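Visitor: Residue numbers (the numbering used here): 94 to 238.
Pasting a structure below so you can have a look.
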């Protein structure tokens, strides 16, 4: 089981490296679970920074989902945060996972979003994560039994 997980993580990290290498201005890429756990990261992102970015991306995606539900906006397709010197893109990637890219201020935002969506379409099932507490494992009504 550990070998399979290690291979899957290596493949995922390779996909993230490829995204950063191919898209001008894309500095870092991560895959995270819906609850903010870091699943994979591009090579130039330190583990600690990846975990921080994962928590931030999860929070933004959660806020966007809540806003969509409350105001009838529907499902969140993508969350984009524009900063003075960077962009943060967060997109749902399979069931229970997100792809996040941190890009520089001179990145082509349309190209970054397009490339993220193309990667997700090609490998969406690979990016899916299982729920951390499936109902069959004793979770009833949102609490562990």
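Note that CB positions come from ideal geometry on N, CA and C, so glycine has one too.
No experiment lies behind these values; they were computed from the predicted model shown.
#1: Give me, in chain order, the residues of the same chain whose beta-carbon lies closer than 6 angstroms to that of residue 135; leave out the 5 immediate sequence neighbours on both sides.
#2: Which residues in the same chain as residue 103 place their Cβ atom closer than 6 angstroms to its Cβ, once the five residues preceding and following it in sequence are excluded?
#3: Between residue 168 and residue 132, how many whole angstroms is the CB-CB distance? I'm expecting something under 8 angstroms.
#4: In whole angstroms, what is the alpha-carbon distance linking residue 177 and residue 126?
#5: Label residue 139 either buried or exposed according to how many other C-beta atoms from any shown protein chain fall within 10 Å of its C-beta, with 16 as the threshold for buried.
#6: By alpha-carbon positions, which one of 188, 173, 187 ends up nearest to residue 202?
#7: Please go through the same chain and pick out, in chain order, the residues whose beta-carbon is closer than 8 angstroms to the beta-carbon of residue 200, but skip the five residues on each side of it.
Guide: Taking the structure as given:
#1: 109, 110, 113, 121, 122, listed in sequence order.
#2: The answer is none, since no qualifying residue turns up.
#3: Not confirmed; about 21 angstroms, so no contact.
#4: One C-alpha to the other measures close to 27 angstroms.
#5: Classification of residue 139: exposed, given that the 10 Å Cβ count is below 16.
#6: Distances from the alpha-carbon of residue 202 to those of 188, 173, 187 put 173 closest.
#7: Same-chain partners within the cutoff: 116, 117, 118, 119, 180.
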